[in-house]
Amino acid sequence: MSHGTWSATEWSRRIKAGEMTVREAAELVYERIEKNEKNYHCYITVKEKAVLLAEAERLQQRIDNGEFSESPIAGVPVALKDNLCAEGMRMTCASRMLESFVAPYTAEAVRRLSEAGALIIGKTNMDEFSMGNTTETSFFGETGNPAAPGCVPGGSSGGSAAAVAAGECVFALGSETGGSVRQPAAHCGVVGLKPTYGTVSRYGMVAYASSLDQIGPLTNTVEDCAAVLSVIAGKDEKDATSVAREDYDFLAGLKDGIAGCRVALPKEYLAEGIHEDVKQALLAAAAALEAAGATVTETELGMTEQLVPMYYCIASAEASSNLARYDGIRYGHRTGDYGSVQELVARSRAEGFGAEVKRRILLGTQVLHGENYENYYLRALKTKEVLKRRFEELFATYQYILAPVAPATAPKLGETKTLLQKYLEDIFTVPANLTGIPAISVPFGRDKKQHPIGIQLMADRFCEKELFRAAYVLEQAGERMQK
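Dropping the structure here:
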C-alpha cells in the first residue's frame, strides 16, 4: 500500500509506531501540493514549507513523549476550509471582502484537531461565503476535480474534497448549509459527513445560515470520518447551539453490521430528474444493504417540491442578516472612493462581494421585507417544522433513509446552467440540514464517464454511530464493485 492510499488512522498508527515521522508525512503531502496544485487549485493559503516542517518536528517530539497515545489522528496532515479561523492564518471565505483578513483566534473544531495532534497544512478554496455548489464563485478562481478531470469538484467545500482526493492532505474539514460537504464528497469520490446539528461547535466558523450550518469532515474512508468526528465533536460554552452527548466514541461498533435494520428508499428519488447511472447506483446500494441483512422498503417521502424553495428562503434570509456586518467600516474590504458613510458602505459591499453572494443577500432582504416576512419567511419556517415531523415519522419505523447525493455526477467546469438548475441540484441534500439530522455521502461506483457517484445515508438525530455502521457496509460493497 502506497503512502497516498493510507487512511488517516493508518498514517497516525505508523507515526506512533515509529515507522514514519511527522516530518516525512508533511513532506509527502507538500510534494503532492507542489506537483498538483497548479492543476487543481485546492488551496487559497498553504503554510510555508519551512514553517510546516518546524511544526512537524515539534509535534513529533510531543508524540514521542506519549502526549497523543489515544488520538486516532496524531501527526496527520489536515486541511481546513477557508471559513474556519486558525489564529495567525489568513481567513478569506474565498471573497475579496476578506482578502487580507488574518484570524485573531482559532475555531473550536480546529482547536480540537490541534489538541489531538493533527498537523494543519493550509486553508482550502470554496465558493464565496459558502454560497454555491461548484467552487466556481471563489474570488481566487475555480478548483478542479482530481477524480473527474475537467469537471467541478462540487461545493461549497470543493477545495477540501479535492485536496483529499488529490492526496494534498490526508483529511479535511468542510462546512455544510445545504449539502456543502456531502455533494463535493460525492463528486470527488471521498467520504463526507454532515453531523447532527449542534454536535460540532460552530465557534470560529463564518456563518452563512446559522440555523443550518454545521462543520463536517471529508476523508478517504468511513473509519477516518468516524475518527475525526470523535475528535471535533463536543459541547462548547462558546456556542449556545452546541449540545452535550453521552458518547463520543464514534468508532465503537463500526464493523458490527446492520442485520435486521430497516431502510427507507423514497420513491421520489427514483423518479424523473435523476441520471440513469445514479439511479442504477442507488438501486445497487439498496441491494448491497439487503445483502448485509437489512430490509429496504420503497416509501413516500412527500414535500419534495417544497424542499428547495424552503431552503433558499430560510438560508438567504439568514445570510442577509449575517453578512450585514461586512460594511467596510469595522473590517473587510473598504472602497477607496466615497463621499459619505452611506456611499462607503454601499461601494465597499458592491466591490467586496461577488455576484452569487449579492444575489442571495438581495433575495434574503426581499424575503424579510414587509409582508414578505410573513408570506415567505415565516411560512418557510412553519413548513420546515412539518418536514421535521415527517422525518420523525419515518424514523419511528426505519433506521435509515437511502438517497442519492446529487441528481448527476460532476458537471464540466464552466458549464452553463440556469440558476434554477443549479439550485435544484441541492434537492437530495437540503433535508438533512433543514431537519438537523446526520447524513453521510459514501463513494459507490462510477458513471459511464468514470466519474464518481456518491450515495447518501441519513439517520435520526444523534445516531451517527448507527450511520457509520451502515456507511461502512456500503463502503465495503462499493469497493468490491470496483474490483
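When the letters of the sequence shown are read in order and numbered with this note's numbering, they come out as residues 366 to 848. C-beta atoms are modelled at their ideal positions from N, C-alpha and C, and glycine is treated no differently. Note that this is a predicted model, so its numbers are computed, not measured.
Here R811 has P817, I818 as same chain residues with Cβ atoms under 7 Å from its own Cβ, once five neighbours each way along the sequence are excluded. With a beta-carbon spacing of about 12 Å, L558 and Y837 fall beyond the 8 Å limit used to define contacts. Contact between D642 and K848 does not hold, since the beta-carbon distance rounds to 19 Å and is not under 8 Å. In this structure, K381 sits away from I438, with a CB-CB distance that is not shorter than 8 Å. Burial is judged here by how many other beta carbons sit within 10 angstroms of a residue's own beta carbon; T508 has at least 16 and is buried.
Runs of the beta strand (DSSP E) lying entirely within the segment 433 to 472, each at least 3 residues long, are 442 to 446 in chain order. Look at P549 here: in three-state DSSP terms it is helix. Secondary structure at R567: coil, using DSSP grouped into helix, strand and coil. When secondary structure is reduced to three states using DSSP, C516 falls in the strand class.
Inclusion of V770 and Q815 in the CB contact set at 8 Å is not warranted, their separation being larger than that value. For A537, the enclosing beta strand (DSSP E) begins and ends at 536 to 541. Burial of K446 is indicated by the presence of at least 16 other C-beta atoms within 10 angstroms of its C-beta. Under the three-state reduction of DSSP output, L743 falls in the helix class. Sequence-distant Cβ neighbours of Y613 in its own chain, meaning closer than 6 Å and more than five residues away, are S595, A598. Here A451 is near A468, since their CB atoms are less than 8 Å apart. Taking C-beta separations shorter than 6 Å and ignoring five residues to either side along the sequence, the partners of N687 in its chain run A572, following chain order. Within the same chain, V673 come within 7 Å of L789 by CB-CB distance, once the 5 residues on both sides are set aside. Using a Cβ distance threshold of 8 Å, P803 and E780 do not count as a contacting pair. As the crow flies, the alpha-carbon of D578 is around 10 Å from that of S545. Counting of Cβ neighbours within 10 angstroms places D702 among the exposed residues, the total staying below 16. Counting only the Cα atoms, H698 lies some 6 Å from G717. With fewer than 16 other Cβ atoms inside 10 Å of its own Cβ, L784 counts as exposed.
At a Cβ-Cβ threshold of 8 Å, K753 and T800 count as neighbours. The bridge partners DSSP lists for K403 come to none.
T489 carries a strand assignment under DSSP once its states are collapsed to helix, strand and coil. Every beta strand (DSSP E) of 3 residues or more that sits fully in the segment 660 to 732 is shown, in chain order, as 660 to 664. Within the model, the alpha-carbon separation for V661 versus V529 is close to 32 Å.
The closest CA to that of G729, considering only E683, R695, S713, E708, is found on E683. Look at Q815 here: in three-state DSSP terms it is coil, with no helix or strand label. In this structure E757 is exposed. Its beta-carbon is surrounded by fewer than 16 other beta-carbon atoms within 10 angstroms.
The criterion of a C-beta distance shorter than 8 Å is satisfied by S377 and G440. Around the beta carbon of N740, fewer than 16 other beta carbons sit within 10 angstroms, so the residue counts as exposed. In the structure shown, the three-state DSSP call for I580 is strand. In this structure, C407 and T502 do not form a Cβ contact; the two beta carbons are roughly 16 Å apart against a cut-off of 8 Å. Separation of the CB atoms of V807 and V556 is rounded to 6 Å, and the pair is thereby assigned contact status at 8 Å. Here DSSP, grouped into helix, strand and coil, assigns S479 to helix.
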